[in-house]
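A quick write-up on the structure given underneath.
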Amino acid sequence: MSTFFLFAAMCAVGEALKDIFSKQGLGEIDPISMTWLLLLLTLIMCGPFAIYQGIPELRSEYFYLLPLHATLYGGSLLVYMEAIRRSDLSLTVPLIMSTPAIMLITSPLITGEVPSASGAFGVLLIVAGSYVLNASKVKAGMLAPFRALFEQSGARLMLLVAIIWSITAPIDKVGIASSSPIFWGLSDYLLIVICLSPWALPRVMKKREVIRSHTKVVAGMGLANSAQMFGYVFGMAYGQAVYLLSIKRTSVLIVILLSHMMFKEKGFSERFAGSLIMLAGVCIILLA
Numbered sequence: 582m583s584t585f586f587l588f589a590a591m592c593a594v595g596e597a598l599k600d601i602f603s604k605q606g607l608g609e610i611d612p613i614s615m616t617w618l619l620l621l622l623t624l625i626m627c628g629p630f631a632i633y634q635g636i637p638e639l640r641s642e643y644f645y646l647l648p649l650h651a652t653l654y655g656g657s658l659l660v661y662m663e664a665i666r667r668s669d670l671s672l673t674v675p676l677i678m679s680t681p682a683i684m685l686i687t688s689p690l691i692t693g694e695v696p697s698a699s700g701a702f703g704v705l706l707i708v709a710g711s712y713v714l715n716a717s718k719v720k721a722g723m724l725a726p727f728r729a730l731f732e733q734s735g736a737r738l739m740l741l742v743a744i745i746w747s748i749t750a751p752i753d754k755v756g757i758a759s760s761s762p763i764f765w766g767l768s769d770y771l772l773i774v775i776c777l778s779p780w781a782l783p784r785v786m787k788k789r790e791v792i793r794s795h796t797k798v799v800a801g802m803g804l805a806n807s808a809q810m811f812g813y814v815f816g817m818a819y820g821q822a823v824y825l826l827s828i829k830r831t832s833v834l835i836v837i838l839l840s841h842m843m844f845k846e847k848g849f850s851e852r853f854a855g856s857l858i859m860l861a862g863v864c865i866i867l868l869a
């Protein structure tokens, strides 16, 4: 069990640091270039392990789900980068925890899984937590905290990401079952990198001096995402996926703490409290 928690913690910390490094780089590097560099560096760092493991037995679903998932997930990553570029990390990243709530609608359509009563309660907690993220706005009216979310362009974009991920997550589940976690993830990354290259390469070449000056940030982003992927893959081998995903979501709390310390983002107390409530909702849904 201790080995499982080690890999789960690696997954959570890697996810959080990936967001922090991305936010730092997006000050001068555009979202397309950052997304391309993130995936390319992860491929370089994790690729040798996938090669060592070899190609798993591939079921027919793999071949038609991969291009579908890569299209949706690749687009969502571009939107994700733009969202954290525009708005505070401590406001945008917690909204990703809306994904399990939205999945209660999309999963029955994609995988036939029917939500339970406890799952519905988890949704209520996620909605309540998103309200608390802007609780200080309540002076302007009872619905003001929700309105404040939609007034932030970054928050609106992150909610779009959550909707897309509610579609890609069930596809992920089938894709991993049709191959293996590391092979599915890296082949997905490879396809996205290839498709983004015609737009990303000219930008990267044009901004190569800027990127070179941010070498530590870009490399840290790739290393953090690789750690997240390794933690996820090995965590799946040592424990149940539901517990792994629950621990991974604590990355949001780490992001809020670090963004307050490093970027001096305001509203720490309400955003941390709101994220805790949302995290409780996510855990209830995952455990339902």
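582 is the number of the first residue of the sequence shown in our numbering; add one for each residue after it. Don't be surprised by glycine CBs; every beta carbon is placed ideally from N, CA and C. Just so it is clear, the structure is predicted and the values come from calculations on it, not from any experiment.
- [ ] Determine the direct distance from the alpha carbon of residue 808 to that of residue 594, and round the result to whole angstroms.
- [x] 8 angstroms
Task: Whole-angstrom C-beta distance between residue 762 and residue 814, which should lie under 8 angstroms - done: 5 angstroms
Task: Host alpha helix (DSSP H) of residue 831 (start-end) - done: Element bounds for residue 831: n/a, residue is neither H nor E.
Task: Assumed close pair residue 714, residue 665 - CB separation to whole angstroms, cut-off 8 angstroms - done: Not really, about 15 angstroms apart at Cβ, beyond 8 angstroms.
TODO: Please work out which residues of its chain come closer than 8 angstroms, Cβ to Cβ, to residue 685, disregarding the five sequence neighbours upstream and downstream, and give them in chain order.
DONE: 696, 700, 701, 704, 866
TODO: Buried or exposed for residue 663, please, with buried defined as at least 16 other CB atoms from any protein chain shown within 10 angstroms of its CB.
DONE: buried
- [ ] Would you be able to state if there are at least three C-beta pairs under 8 angstroms between the segment 740-748 and the segment 655-662?
- [x] yes
Task: Residue nearest to residue 859 in terms of C-alpha spacing, selected from 615, 668, 629, 711 - done: 711
Task: Cβ shell of residue 626 (< 8 angstroms), same chain only, five flanking positions each side left out - done: 803, 804, 807
TODO: Leaving aside the five residues before and after residue 610 along the sequence, list all residues of the same chain whose C-beta is less than 7 angstroms from its C-beta, in chain order.
DONE: 788, 791, 792, 795
TODO: Drop a sphere of 10 angstroms on the beta-carbon of residue 731, count the other beta-carbons inside from all chains shown, and report buried for 16 or more, exposed for fewer.
DONE: exposed
- [ ] Assign residue 588 to buried or exposed, taking buried as 16 or more other Cβ atoms, counted over all protein chains shown, within 10 Å of its Cβ.
- [x] buried
- [ ] Taking residue 619 as the reference, give the member of 637, 596, 726 with the closest Cα.
- [x] 596
Open item on the list: Using 8 angstroms for Cβ pairs, my map puts residue 774 next to residue 614. What's the rounded Cβ distance?
Closed with: Actually they do not touch by this definition, with Cβ atoms about 12 angstroms apart.
TODO: Would you please verify whether the beta carbon of residue 584 is less than 8 angstroms from any beta carbon of chain D?
DONE: The chain labelled as chain D is not found in the depicted structure, where only one protein chain is given.
- [ ] Please classify residue 551: does DSSP put it in a helix, a strand, or coil?
- [x] With the chain covering only 582 through 869, there is no way to say anything about residue 551.
TODO: Leaving aside the five residues before and after residue 781 along the sequence, list all residues of the same chain whose C-beta is less than 6 angstroms from its C-beta, in chain order.
DONE: 613, 614, 617
TODO: State yes or no: is the C-beta of residue 760 within less than 8 angstroms of the C-beta of residue 639?
DONE: yes
Open item on the list: Between the alpha carbons of residue 648 and residue 777, how many angstroms are there, rounded?
Closed with: 13 angstroms
Task: DSSP state of residue 638 mapped onto helix, strand, coil - done: coil
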